[in-house]
Amino acid sequence: MNKIDLIAASQQLPTAWRSTIVGRAADAQIKLLQMNADAYPDETHDFDEALFVIDGVMHLKIGGQVESVTAGQMYIVPAGLPHAVAPGSYGTLIIIDR
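Just so you know, the numbering used here puts 91 at position 3 of the sequence shown, and the rest follows in order with no gaps.
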């Protein structure tokens, strides 16, 4: 598998906030998910996580602040940092992690 139409693949996802692995590169997983207006609860990882918004907007909650990440932008969440997604986020998100 070399070429992936991420937008078309995201439209086939049955449930928001449930990621699916669409590929691997080096030691990283590349996951695709659809965001809806619901919030996503706090989580913490023991690895860095890249959150790349393909379309829409993600309102990322980190340290009591909300950072809006829009289409074409990526936010790298360092390992060990609690983060959540605030209500009102929507669109397509790529997650790159281990």
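Ideal Cβ positions, reconstructed from N, Cα and C, are used throughout, including at glycine.
Just so it is clear, the structure is predicted and the values come from calculations on it, not from any experiment.
| Item | Value |
| --- | --- |
| Between which two residues does the beta strand (DSSP E) harbouring glutamine 117 extend? | 116 to 123 |
| Among Gly168, Gln122, Val110, Asp185, which residue has its Cα nearest to the Cα of asparagine 90? | Val110 |
| Where do the N-terminal and C-terminal ends of the beta strand (DSSP E) with isoleucine 183 fall, by residue? | 178 to 185 |
| Please give the ranges of any alpha helix (DSSP H) in the region 125 to 186, keeping only runs that are unbroken, at least 4 residues long and fully inside the region. | none |
| For the alpha helix (DSSP H) containing isoleucine 95, name the first residue and the last one. | 94 to 99 |
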